[in-house]
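Report on one structure; see the data block that follows.
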Amino acid sequence: MMTSQNTTTDDLRARLEKEGDVAADYLEELLDIADLDGDIDIDVDQGRASVAIVTEAGSEHWLRRLVGDDGQVLDALQELTRLAVQAKTGERSRLMLDVAGHRKVRRDQLTALAEDAIGRAQASGAEVQLEPMNSFERKVVHDAVTEAGLHSESDGAEPKRYVIIRPN
Numbered sequence: 004m005m006t007s008q009n010t011t012t013d014d015l016r017a018r019l020e021k022e023g024d025v026a027a028d029y030l031e032e033l034l035d036i037a038d039l040d041g042d043i044d045i046d047v048d049q050g051r052a053s054v055a056i057v058t059e060a061g062s063e064h065w066l067r068r069l070v071g072d073d074g075q076v077l078d079a080l081q082e083l084t085r086l087a088v089q090a091k092t093g094e095r096s097r098l099m100l101d102v103a104g105h106r107k108v109r110r111d112q113l114t115a116l117a118e119d120a121i122g123r124a125q126a127s128g129a130e131v132q133l134e135p136m137n138s139f140e141r142k143v144v145h146d147a148v149t150e151a152g153l154h155s156e157s158d159g160a161e162p163k164r165y166v167i168i169r170p171n
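In this text, residue positions in the sequence shown follow this note's numbering: the first is 4, and each later residue adds one.
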């Protein structure tokens with residue numbers, strides 16, 4: 004017999020998989036219009052739909068146009084994809100989009116940055132303020148700080164919102 008916990012988890016996973024499917028359809032149309040080659044990978048990661056546009060090794064340079072400087076085009080494309088999902092499902096989406104591994108590389112860089120800042124906060128006993136970041140970047144830092152057992156918070160106004168790491 005299935006418990007209500009399992010049913011809720013299964014329902015959430017099915018909803019997130021549907022979000023991924025809708026996003027994949029939208030992105031495939033976009034790739035066709037832009038005449039770009041790429042495959043769509045769909046997953047559920049940390050309670051949200053995760054969609055990635057990937058291509059064969061050595062061909063990523065064509066997809067980099069969808070990333071833009073500092074990921075700005077990627078951020079805009081993610082928002083458009085979320086809106087397409089919302090229009091189709093009627094529900095707000097928190098979908099994460101990656102193109103040519105950009106977010107994965109950036110996540111690794113931010114985790115290293117956070118670990119360095121955590122070390123400085125612990126060694127000095129003082130708070131450490133990081134440079135302004137977008138919401139994806141701040142989330143990565145907050146997750147690393149929480150995992151290290153410290154406290155962090157965001158401060159400032161977009162687009163200059165930043166993370167403050169406080170030692171215990």
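No residue lacks a Cβ here, since even glycine has one placed at the ideal position from N, Cα and C.
- For ARG109, the enclosing alpha helix (DSSP H) begins and ends at 105-127.
- In its chain, beyond the 5 residues on either side, ASP46, MET99 have a beta carbon closer than 6 Å to the beta carbon of SER53.
- With the rule of 3 Cβ pairs closer than 8 Å, the region 115-132 does not count as touching the region 57-75.
- By the neighbour-count criterion, in which a residue is buried when 16 or more other Cβ atoms sit within 10 angstroms of its Cβ, ARG95 is exposed.
- Proximity of the region 132-141 to the region 158-171 meets the contact definition, three or more beta-carbon pairs being nearer than 8 Å.
- Selection ALA90, LEU77, ASP35 evaluated against HIS105 yields LEU77 as nearest (Cα-Cα).
- GLY41 is positioned such that its CB atom lies closer than 7 Å to that of LEU34.
- With a cutoff of 7 Å on beta-carbon distance, VAL148 and SER155 are scored as near each other.
- Distance from LEU66 to LEU80 at the Cβ level is roughly 11 Å; contact not present, criterion being Cβ atoms closer than 8 Å.
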